[in-house]
Structure formats: C-alpha cells, structure tokens
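Here's the structure, in structure tokens; my notes come after.
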Amino acid sequence: MTDPLFWLPDHQHHALYTVAHVDATIDKMAGILETYLRSPGPLDLRSRLTPTHEEVVLAGIAPLPEAVPRLFADALNQLRNAMEHTLGAELRHRLTRELTLDEARAVEVPSTGSEVAFDAWTRHKHRKSHELLARGSELGERLARLQPWNRRDVDMHPLRRLVTHTNAAKHQAPTVTAVRVGKVMHDSAPRDEPTEAHELGGRRVSHRCRTPRQG
225 MTDPLFWLPD HQHHALYTVA HVDATIDKMA GILETYLRSP GPLDLRSRLT PTHEEVVLAG
285 IAPLPEAVPR LFADALNQLR NAMEHTLGAE LRHRLTRELT LDEARAVEVP STGSEVAFDA
345 WTRHKHRKSH ELLARGSELG ERLARLQPWN RRDVDMHPLR RLVTHTNAAK HQAPTVTAVR
405 VGKVMHDSAP RDEPTEAHEL GGRRVSHRCR TPRQG
C-alpha cells in the first residue's frame, strides 16, 4: 500500500499537525458564525411609513461575537507558524551542524515589497553564515518566488496580507471586526452612484404606497 504522505519528507510531518489545528480553529469559528447568523439573524429591520412610501429601515445590527476575530487571528498566526517552522526544519535538515541561537532567531519567511529589500534580507549576517538562503541557492530562490514584489499589486499579495494581519494582532491590538450592510443596487442604477455600506437608520427598501380608488 502506498504511503499517503510519500510526497512529504519525514522532517516536515510537523506541518500537518499545525495545518490540522488551523482547520479545527476555522471550524470552531464557523460554528459560532452559524449560530450568529441563525434566524432571526443579526439585522433588525423595521417598517417606516411616510405620506407616500413604505420603507424598510436598518434599526440595529447585533455585534459580532468577540470570539470570532480572536479565532481568526489564531488561525492566521498558526498558518504563519507553519510556514516559518517548515523553513526552520528544512534548514536544520540540510545543515551539517546545529543552527546557532542567533541563526535560529533569524529564521523567518520574509514579506518584501521589492527585490532590493529581499536581497538585503538574505544578506543579514545570521542568514549569510550558513548560505542556505543566499540568492542563487535553492531555498533562497524558492523564497524569492513567494515574495509580494512578484505581483503588480504588492499589498494584495496573500503573503503580504498574512504578515500584516498577524503583526497587527501580535504587536498592536486584538483583531477588530464589525458587521456592516452593503448597498444593494438595481442593474440599471448609474455605475458612479456611491456604494458605501448602510448606516443605522438608513433606508434599505422603499416602495410607493397604493392609493385607494375614489368612488
């Protein structure tokens, strides 16, 4: 029988457990969101009558459970850990000696906005010391291909977004989320009409009231 993990070296099996933990974290978050979205749902919609129209207004929005942004941050941090632990395991596997303490601290998956910045990252003295991440090396070029500067919109690159979110959650403040209601527009509406989210008290739907027949 073929080993289902034939494609993954033994020294990288640890990544499976991390990814499984990420999957379980996301599943837990999804369960909380399912309960949050269950009828009657988070939106409080009410009718409002005017002399000519009946309107549906947004009267309230239930706040998102505080566990959701924290579980989301946990999942992202574990995904970043999986990447950096994988790189560290690969370095240790390829070296004929142990990483020094300084070299181990310098192990990370960078997110650089330019090739110049990436080259500078590879020349850090505690990365140059083993040369496994140097430009031209197998690992160095594989990391280079993952960098945000390979795409036109650097800030939208998945690695850049992952690093930005995890840095903010780790060093600045807990992840903040908010529920907002997007505007629904008719296909015939002008394309330059504002599409910002609705605020509380804002009109969602409006239709003209029927006028009773006379006589």
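The working numbering puts the first residue of the sequence shown at 225, with every later residue one more than the last.
Beta carbons: idealized from backbone N, C-alpha and C, even for Gly.
For clarity, every value in this text was computed on a predicted model and none was experimentally measured.
Secondary structure of V281 (DSSP, three-state): strand.
For the stretch 232–276, the continuous alpha helix (DSSP H) assignments of 4+ residues that do not extend past its boundaries occur at 238–261, in sequence order. Under the 10 Å beta carbon count, T336 is surrounded by 16 or more other beta carbons and is classified as buried. E278 and H245 have their alpha carbons spaced roughly 50 Å apart. Contact between R304 and T390 holds: their C-beta atoms lie close to 5 Å from each other, under 8 Å. Going by beta carbons, L367 and L383 fall outside the 8 Å limit. Here DSSP, grouped into helix, strand and coil, assigns T320 to coil. For Q396, the three-state secondary structure derived from DSSP is coil. As the crow flies, the alpha-carbon of W373 is around 45 Å from that of P264.
According to the DSSP assignment, G364 belongs to the alpha helix (DSSP H) that extends over E362 to R369.
Rounded to whole angstroms, the gap between the alpha carbons of V333 and L257 is 31 Å. Here Y260 is near P289, since their CB atoms are less than 8 Å apart. The DSSP-derived three-state label of G337 is coil. T274 has its alpha-carbon roughly 45 Å from the corresponding atom of D251. Beyond the five residues adjoining it in sequence on each side, E355 comes within less than 8 Å, by CB distance, of S361 in the same chain, given in chain order.
In this structure the stretch 343–353 lies against the stretch 319–332, because at least three pairs of beta carbons, one per stretch, are closer than 8 Å. Within the model, the alpha-carbon separation for V243 versus A306 is close to 7 Å.
Out of D377, L269 and D298, the CA that lies nearest to the CA of G284 is found in L269. Rounded to whole angstroms, the separation of the alpha carbons of R316 and R385 is 28 Å.
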